[in-house]
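See structure below.
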Amino acid sequence: MQTPDFSANRIARLFGIRYPLVQAGMVWCSGWELAAAVSAAGGLGLIGAGSMDADTLRIHVRKCRGATERPFGVNVPLLYRHADALMRVIAEENVPIVFTSAGNPKIWTPILKEQGRTVVHVVSSVRFAEKAAAAGVDALVAEGFEAGGHNGREELTTLVLVPQVRAAVEIPVIAAGGIATGSALLACLALGAEGVQMGTRFVASAESSAHPAYKQHVVATPSDGTQLVMKRLTPVRLIRNGFYQQVVELEAQGASAEELRALLGRGRSRRGMFEGDLEDGELEIGQISGAIADVLPAQQIVEQVIAEYQAAVATINAPGGGLGI
Numbered sequence: 221m222q223t224p225d226f227s228a229n230r231i232a233r234l235f236g237i238r239y240p241l242v243q244a245g246m247v248w249c250s251g252w253e254l255a256a257a258v259s260a261a262g263g264l265g266l267i268g269a270g271s272m273d274a275d276t277l278r279i280h281v282r283k284c285r286g287a288t289e290r291p292f293g294v295n296v297p298l299l300y301r302h303a304d305a306l307m308r309v310i311a312e313e314n315v316p317i318v319f320t321s322a323g324n325p326k327i328w329t330p331i332l333k334e335q336g337r338t339v340v341h342v343v344s345s346v347r348f349a350e351k352a353a354a355a356g357v358d359a360l361v362a363e364g365f366e367a368g369g370h371n372g373r374e375e376l377t378t379l380v381l382v383p384q385v386r387a388a389v390e391i392p393v394i395a396a397g398g399i400a401t402g403s404a405l406l407a408c409l410a411l412g413a414e415g416v417q418m419g420t421r422f423v424a425s426a427e428s429s430a431h432p433a434y435k436q437h438v439v440a441t442p443s444d445g446t447q448l449v450m451k452r453l454t455p456v457r458l459i460r461n462g463f464y465q466q467v468v469e470l471e472a473q474g475a476s477a478e479e480l481r482a483l484l485g486r487g488r489s490r491r492g493m494f495e496g497d498l499e500d501g502e503l504e505i506g507q508i509s510g511a512i513a514d515v516l517p518a519q520q521i522v523e524q525v526i527a528e529y530q531a532a533v534a535t536i537n538a539p540g541g542g543l544g545i
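This is the structure in structure tokens:
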């Protein structure tokens, strides 16, 4: 079967990539090896800087550049305490593509654009999408609350969010949240997105920097094995385990934001995702975990998604089959 041609796709053209497929910049899971592998396979790999200091990010950027000649980027949560230092590294290392999240895009977008960088911001509502577009970003990630990790308080699903964001802005939209297959890529394009971002599927990849025990736990987690919690602080989707139960009990007791921060401040995300403490660590993952059956090399994941996309298109277009489009 011939490889689909996405040369006219605005996301593919914006990033200079073969497929409109972005690997999310996930804390503790998205190091240079994963980003380089996804980029080499034709997608856009992102280094997740939210768990790195400036020196660590510099090492990852240089190693990624040494491993692939294809475009890659860095994801920076703007509320992260090292954000300013990370942005200095991005400038010094001339990283061409920057994804920002968890903060106000007005602060950094003009600076990054002046430096000649492509800027993408992650949003969870139409209101935030309009503000990010007004700030001058080149594209948006519209992330539904099916996604793992930190999430929007609005609890808008990807199916609901993407077409509304598409209608509200002129810039390209990337769909995220609950996406791990080629048929989901096709569905998101039908909703008006021009690309997809996948996180959970790439956590369970050979190149992911997540702990092997965590990767296998992701594969074993059913779709109803996660829950959105900590809405009073910063909503996050977690696998149900001992740490999750502590959070639930604290919230039931009316815990303050400070008490929740104290619980989180014990290095929980590192313990869970990077060190493999499956009981007392913070395990962030999306609802799509239930559709993931194995840990695969990133290149195979990309190839599988594109093959599934082609098969879905063929099914829909088949005479007397699908929708007959």
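My numbering applies: residue 221 is where the sequence shown begins, and numbers increase by one.
For every residue, glycine included, the Cβ atom is placed at its ideal position computed from N, Cα and C.
Exposed unless 16 or more other CB atoms sit within 10 angstroms - verdict on residue i
i       : result
Ser-489 : buried
Ile-331 : exposed
Asn-537 : exposed
Lys-435 : buried
Ala-430 : buried
Asn-314 : exposed
Gln-507 : buried
Ser-344 : buried
Gly-236 : exposed
Pro-517 : exposed
Gly-402 : buried
Three-state class that DSSP yields for residue i in the structure shown
i       : result
Pro-297 : strand
Gly-286 : helix
Glu-334 : helix
Gly-462 : helix
Ala-359 : strand
Phe-348 : helix
Met-246 : coil
Thr-441 : coil
Gln-447 : strand
Ile-391 : coil
Leu-503 : coil
Ile-545 : The predicted model places Ile-545 with a pLDDT of 49, which falls under 50 and marks its position as unreliable; any figure quoted below should be read in that light. Residue state, collapsed to three classes: coil.
Val-416 : strand
Of the residues the options, the one placed nearest residue i, counting alpha carbons only
i       : options                               : result
Leu-484 : His-370, Asp-358 and Phe-292          : His-370
Val-342 : Gly-402, Ile-279, Ala-355 and Ala-532 : Ala-355
Ser-476 : Leu-453, Phe-463, Leu-498 and Arg-491 : Leu-453
Leu-266 : Asp-273, Asp-275, Ala-274 and Arg-290 : Arg-290
Thr-329 : Ser-259, Lys-283 and Leu-360          : Leu-360
C-beta atoms of residue i and residue j nearer than 9 Å
i       : j       : result
Phe-463 : Gly-496 : no
Gly-251 : Ser-425 : no
Gln-417 : Gln-243 : yes
Leu-241 : Gly-268 : no
Ile-505 : Arg-457 : yes
Val-449 : Val-423 : no
**Asked** Unbroken alpha helix (DSSP H) runs of length 4 or more, entirely within the region 302-335: which are they?
**Response** Here the runs fully enclosed are 303-312 and 325-334.
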